[in-house]
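>
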Amino acid sequence: LSISGEKSEEKEEKKEGYYCSERRYGSFRRAFRVPEGVDADKITADFEKGVLKIKLPKSPESKQEEKKIKIAAK
5 LSISGEKSEE KEEKKEGYYC SERRYGSFRR AFRVPEGVDA DKITADFEKG VLKIKLPKSP
65 ESKQEEKKIK IAAK
């Protein structure tokens, strides 16, 4: 799963005898491995209020697998 984008921000401030203009630009890229058991056809993403939410639902086969692990207390 690769996520990439560009961010740009411009800021101007004007006062009597003073003017400031700032610009910030940059790109980013992140890559993640999708774990086994994820249904790749049902991955969704939403971007709202500056937050990126990515949902990776489990496939039906992976939901059925249960493992019991015995824990020995010492």
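Last residue of the sequence shown: 78 (this note's numbering), numbering continuous.
Note that beta-carbon positions come from the ideal geometry of N, C-alpha and C, so glycine has one too.
1. Take every Cβ of the stretch 12-26, pair it with every Cβ of the stretch 43-57, and state whether three or more of those distances are shorter than 8 angstroms.
2. Since D43 is in the beta strand (DSSP E), which residue starts that stretch and which ends it?
3. Which runs of the beta strand (DSSP E) spanning at least 3 residues fall entirely within the stretch 12-61, listed in chain order?
4. Out of S31, E40, Y29, state which residue places its alpha-carbon closest to the alpha-carbon of S66.
A quick look at the data gives this:
1. Output reads no: the stretch 43-57 does not touch the stretch 12-26.
2. Going by DSSP, D43 is part of no beta strand (DSSP E) at all; its letter is neither H nor E.
3. Listed in chain order, they are 22-35, 48-52, 55-59.
4. Comparing Cα positions, the closest option is E40.
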